[in-house]
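S.K.: Below is the structure I would like to discuss, written out as structure tokens.
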Amino acid sequence: MTEHTVEFVSTGETITVAETETILSRCLEEGIAQEYSCRVGMCLACSAEIVEGEVTQPAARGFSEREAEEYALTCMARPLSDLKLDRGKYPPSIEPESGQPAPADD
Numbered sequence: 001m002t003e004h005t006v007e008f009v010s011t012g013e014t015i016t017v018a019e020t021e022t023i024l025s026r027c028l029e030e031g032i033a034q035e036y037s038c039r040v041g042m043c044l045a046c047s048a049e050i051v052e053g054e055v056t057q058p059a060a061r062g063f064s065e066r067e068a069e070e071y072a073l074t075c076m077a078r079p080l081s082d083l084k085l086d087r088g089k090y091p092p093s094i095e096p097e098s099g100q101p102a103p104a105d106d
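Heads up: the sequence shown begins at 1 in full-length UniProt numbering, then just goes up one per residue.
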């Protein structure tokens, strides 16, 4: 079983994740506070920017193809190499434009 190091750049936390498991599942096992909600690749709560490395995430339906190259949904993403991720980063398509307030919750 091939394992890769996953470093969360904003916190300095590092875990080892097998290619057969999701980054989120390993975070939960290791006690790392990774946000999540749906666990099926739709809600984007577990989004992280890929700073370095590659993942596979064929079931990450919440992203466009381009976004899936730059961001990981940790509930779906499995490492293909050592990774550096920046947790809590979302693609520009869902971030409010600078200077604009975030949409209010209904």
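Every residue gets a Cβ at the ideal spot worked out from N, C-alpha and C, and that includes glycine.
1. Out of I94, V55, S93, A60, which has the shortest C-alpha to C-alpha gap to K84?
2. Jot down the residue ranges of each uninterrupted alpha helix (DSSP H) in the UniProt domain "2Fe-2S ferredoxin-type" (4-91), minimum 4 residues, whole runs only, in chain order.
3. Could you check whether the segment 62-70 touches the segment 17-27, counting it as contact only if at least three pairs of C-beta atoms, one from each stretch, sit closer than 8 Å?
4. Which word fits I94, buried or exposed, when buried means at least 16 other C-beta atoms lie within 10 angstroms of its C-beta?
M.R.: Let's see:
1. V55
2. 23-30, 65-70
3. no
4. exposed
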